[in-house]
Amino acid sequence: MLSFEQVRTLCQSFSLEESSFKDGRLNYKYRNKIVVAYLSQTGNCYIWGRDVLNNPKFHLYKVDNNGWIKNIAFMEEQKVKELLKEVIQCRKQIELQRGKEKNKKKSA
160 MLSFEQVRTL
170 CQSFSLEESS
180 FKDGRLNYKY
190 RNKIVVAYLS
200 QTGNCYIWGR
210 DVLNNPKFHL
220 YKVDNNGWIK
230 NIAFMEEQKV
240 KELLKEVIQC
250 RKQIELQRGK
260 EKNKKKSA
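In my numbering, the protein residues as written are 160 to 267.
Have a look at this one:
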């Protein structure tokens, strides 16, 4: 089981923006989108999962109705690292796509 410090160190390794939440919990943002939510002292948190649903590698993770993957503390450290890396990569792709769509509308 991952500890609070292990998850925190993983999030920091991706240069995610840390913000405090109530009850000593932490959230982590990537470019203003929360990608890790409610990191508690037990090490448990949620990782944004809606963006990785199309990747067959991540189909084993259950994504709730709000788009979050739960019970991260019970995952292996390498799996959490891979998941975070994929979430960030997906966010980059989404931003690129939105930028292209915005430019298309401006030129039309």
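Beta carbons: idealized from backbone N, C-alpha and C, even for Gly.
C-alpha distance - residue i paired with residue j, whole-angstrom precision
i	j	result
L161	R190	25 Å
S174	K264	32 Å
R257	M234	32 Å
K244	N214	13 Å
T168	V239	12 Å
K188	N262	25 Å
R209	A196	14 Å
K259	C249	15 Å
Nonlocal neighbours in the same chain, by C-beta distance under 6 Å from residue i, ignoring five residues either side
i	result
S178	N186
E164	none
I193	N186
F217	V211
F180	N186
C170	Y187, V195
Close-in-space but distant-in-sequence residues of the same chain around residue i (CB under 7 Å, 5 per side omitted)
i	result
G183	Q200
K229	Y205, D223
Reduced DSSP category for residue i - H, G, I as helix; E, B as strand; rest coil
i	result
N262	helix
S178	strand
L242	helix
K192	strand
L198	strand
L169	helix
Residue j beta carbon less than 8 Å from that of residue i
i	j	result
L198	V166	yes
Minimum C-alpha distance to residue i - residue among the options
i	options	result
S172	G226, E254, L255, E241	E241
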